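Chemist: FYI, our numbering numbers position 215 of the sequence shown as 199, with every residue one higher than the one before it.
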Amino acid sequence: MEIVIVGAGVIGLATAWRAAAGGAAVTLVDPEPASGASAVAAGMLTPVSELTYGEEPLLRLGLASRDRYGGFVAELEDLTGLDTGYRTDGIIEVAFDSDDLGHLDDLRHFQESLGIPVEALTGRECRRAEPMLAPGVRGGLLAPEDGSIDPRRLTPALLAAGERTGVRLVRRRAAGLLVERDAAVGVRLDDGTELRADRVLLAAGPWSGDLEGLPSGTVPPVRPVKGQVIRLRARTPFIARSTRGIVQGSSVYLVPRADGEVVVGATQEELGFDTRVTAGGLWELLRDARELLPGITELEFAEVSAGLRPGSPDNAPVMGPTALPGLYVGTGHFRNGVLLTPVSADILAATLLDAPVPDVAAPFAPDRFSPEVTS
Ligand code: FAD
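(1) Could you check what DSSP says for residue 192 in three-state terms: helix, strand or coil?
(2) So, are the CB atoms of residue 150 and residue 29 less than 7 Å apart?
(3) Buried or exposed, going by whether 16 or more other CB atoms sit within 10 Å of the CB of residue 191?
(4) Tell me whether residue 157 counts as near the ligand FAD, meaning its Cβ is closer than 6 Å to at least one heavy atom of that ligand.
(5) Using the DSSP secondary-structure output, state which residues sit across from residue 284 in a beta bridge.
(6) Just to confirm, are residue 304 and residue 349 a CB contact at a threshold of 7 Å?
(7) Could you name the residues that DSSP lists as bridge partners for residue -13?
(8) Under 7 Å between the Cβ atoms of residue 313 and residue 45?
(9) In whole angstroms, what is the alpha-carbon distance linking residue 352 and residue 320?
(10) Grouping DSSP H, G and I as helix and E and B as strand, with all else coil, what is residue 95?
(11) What is the rounded straight-line gap between the Cα of residue 71 and the Cα of residue 133?
(12) Got a sec? Which residues, its chain only, sit under 6 Å from residue 141 by beta carbon, not counting five neighbours each side?
(13) Given a cut-off of 7 Å on the beta-carbon distance, is the pair residue 206 and residue -12 in contact?
(14) Applying the 10 Å Cβ sphere with the 16-neighbour rule, what's the burial state of residue 284?
(15) At a threshold of 6 Å, does residue 16 count as lining the ligand FAD (C-beta to nearest heavy atom)?
(16) According to the neighbour-count rule (16 or more other Cβ atoms, all chains shown, within 10 Å of its Cβ), is residue 93 buried or exposed?
(17) What number of angstroms, rounded off, separates the C-alpha of residue 124 from the C-alpha of residue 259?
(18) How close, in whole Å, do the beta carbons of residue 306 and residue -5 come, if the pair is a contact with beta carbons under 8 Å?
(19) Do the region 290 to 298 and the region 205 to 221 make contact, defined as three or more Cβ pairs closer than 8 Å?
(20) Is the CB-CB distance between residue 54 and residue 126 below 7 Å?
(21) Kindly identify the DSSP beta-bridge partner or partners of residue 163.
(22) Among 15, -1, 16 and 18, which residue has its Cα nearest to the Cα of residue 9?
(23) Within 10 angstroms of the Cβ of residue 114, are there 16 or more other Cβ atoms? Answer buried if so, exposed if not.
(24) For residue 78 versus residue 229, is the C-beta spacing smaller than 7 Å?
(25) Please classify residue 281 as buried or exposed, where buried requires at least 16 other C-beta atoms within 10 Å of its C-beta.
(26) Does the beta-carbon distance from residue 211 to residue 251 come in below 7 Å?
(27) Just to confirm the assignment, what range does the beta strand (DSSP E) spanning residue 245 have?
(28) In terms of residue numbering, what span does the beta strand (DSSP E) encompassing residue 238 cover?
(29) Which same chain residues, not among the five before or five after residue 311, have their C-beta less than 6 Å away from its C-beta?
(30) Going by the C-beta, is residue 141 closer than 6 Å to any heavy atom of the ligand FAD?
(31) Closest to residue 286 by C-alpha separation, out of 14, 217 and -9, would be which residue?
(32) Between residue 146 and the rest of its own chain, which residues show a CB-CB distance below 8 Å, the 5 nearest in sequence each way excluded?
(33) Report the rounded CA-to-CA distance for residue 342 versus residue 129, giving the unit in angstroms.
(34) Taking the straight line between their C-alpha atoms, what separation do you get for residue 22 and residue 189?
(35) Verify whether the separation of the beta carbon atoms of residue 187 and residue 174 is less than 7 Å.
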């Protein structure tokens, strides 16, 4: 089985590795691997804290991925000898006023109804867990099984794992899809080279629908949703675990790394393919982060960046075969692509290899949007 995967973000990289491990000859095409959202993401692994009502299938997918994470990382680190910055020290989410406390309470009841472990904390217990929290914190929730990973360590490890498993990396842009007799048979690169394959997977984030020759309606529309993040640096440990809060109606989080980096995120902006960092975005993030953890003003500034989350019409992933034979899609992971990497790679590799696909995948098939193809 020869497979071409377009896009080497976390989804394309992990799928390439898994499909190659399953016996396929995989070619991964990307002019600049891991240069999209995967290079910007904070890397919180939190199916529980990110929960929204009505998103139960996504929650199940997130939990399935979180359950796979330990084994996935162990295999990856073992194979490559590279550290991914994976940690499972929980995530704390705090509230400053009674409205937000009420919201956290609803969230806790919902999680408990699903059998998900979560602990309610008083303001004092929150500050005992995280002494740098602002004195005004009224209470919070601890999701003890959540955690984080450093996407900037994860992607080099995935690249190395792919290389060791026989994935061929082509550092070029896929410009067009090759279609013959109503089936996808490969891609054309920007230098005119044709790469032929039995199957093509589009995993190019919000650029997944950009290839020339793609029959309209085959790939659901995936829009870019801009997120700005700031990277700070602490000389001594600043917070023990990922810490979130709602400040003046907007959500802010800080994710610590073992090397002292602290990622502050994130804005959510619908501005098309715009990756400029703005004064307003930075101001908002720093203002809210300082309300949550006043001591951040002492940390060293390291970097600011913006990335584009791939958002499908229902903000859930789109994974599986399209209506065009030979063409598959793996994108739309929106705010959760890093969390969803292990389960998505299993789903997509199984689909590409005609192996049994995990049940949790069913709600995320591309045909939920557009079953018909019009060329
Ligand atoms: P991307 O990482 O965008 O990769 C797409 C790749 O396709 C790129 O490398 C690009 O070069 C390539 N490409 C594009 N066009 C072509 C072409 N024509 N030919 C070849 N290659 C092409 N998720 C979490 O789980 N936890 C978080 O805490 C989290 N925080 C986030 C914070 C921010 C600010 C942002 C922006 C995102 C965050 N996410 C988080 C979401 C996560 O980053 C994304 O869901 C995930 O990275 C998507 O991965 P991807 O592989 O689909 O796309």
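Idealized CB from N, CA, C, for every residue including glycine. Here the structure is a predicted model, which means the values were calculated and not measured.
Modeler: In this structure, then:
(1) Here residue 192 carries a coil assignment [DSSP, helix/strand/coil].
(2) No, the pair does not count as a contact, with Cβ atoms beyond the cut-off.
(3) Buried, by the Cβ-count rule.
(4) Yes, the beta carbon of residue 157 sits closer than 6 Å to at least one heavy atom of the ligand FAD.
(5) Looking at the DSSP assignment, residue 284 forms a beta bridge with 217.
(6) With respect to the 7 Å criterion, residue 304 and residue 349 are classified as neighbours on the basis of their beta carbons.
(7) Beta-bridge analysis with DSSP links residue -13 to 10 and 183.
(8) Not a contact, by the Cβ cut-off of 7 Å.
(9) Distance between residue 352 and residue 320, taken at the CA atoms: about 20 Å.
(10) In the structure shown, residue 95 sits in a helix (DSSP, three-state: H, G or I).
(11) Linking residue 71 to residue 133 through their CA atoms gives a straight-line distance of about 6 Å.
(12) Residues of the same chain with a CB within less than 6 Å of the CB of residue 141, apart from the 5 flanking positions on each side, are 60, 64, 66 and 68 in chain order.
(13) Contact: no.
(14) Exposed: under 16 other Cβ atoms inside 10 Å.
(15) Yes, the Cβ of residue 16 comes within 6 Å of a heavy atom of the ligand FAD.
(16) Exposed is the label assigned to residue 93, since fewer than 16 other Cβ atoms lie within 10 Å of its Cβ.
(17) Taking C-alpha positions only, residue 124 is separated from residue 259 by approximately 33 Å.
(18) About 16 Å separates the CB atoms of residue 306 and residue -5; that is not less than 8 Å, and the two are not in contact.
(19) The region 290 to 298 is in contact with the region 205 to 221.
(20) Contact: no.
(21) Beta-bridge pairing links residue 163 to 168.
(22) Measuring from the Cα of residue 9, the nearest candidate turns out to be -1.
(23) Answer is buried; the Cβ neighbour count reaches 16.
(24) Against a cut-off of 7 Å, the Cβ pair of residue 229 and residue 78 comes out as a contact.
(25) Around the beta-carbon of residue 281, fewer than 16 other beta-carbon atoms lie within 10 Å, marking it exposed.
(26) In contact: residue 211 and residue 251 (Cβ atoms closer than 7 Å).
(27) Residue 245 -> beta strand (DSSP E) spans 245 to 249.
(28) DSSP places residue 238 in the uninterrupted beta strand (DSSP E) bounded by 234 to 240.
(29) Excluding sequence neighbours, residue 311 sits near 168 and 184.
(30) Set against 6 Å, the gap from the CB of residue 141 to the closest heavy atom of the ligand FAD is not smaller.
(31) Checking every option, the nearest Cα to that of residue 286 belongs to 217.
(32) Once the five neighbours on either side are set aside, the close Cβ partners of residue 146 are -3, 0, 1, 4, 10, 12 and 153.
(33) Rounded to the nearest angstrom, the two C-alpha atoms are 22 Å apart.
(34) Here the alpha carbon of residue 22 sits roughly 10 Å from the alpha carbon of residue 189.
(35) For residue 187 and residue 174, no; Cβs fall outside 7 Å.
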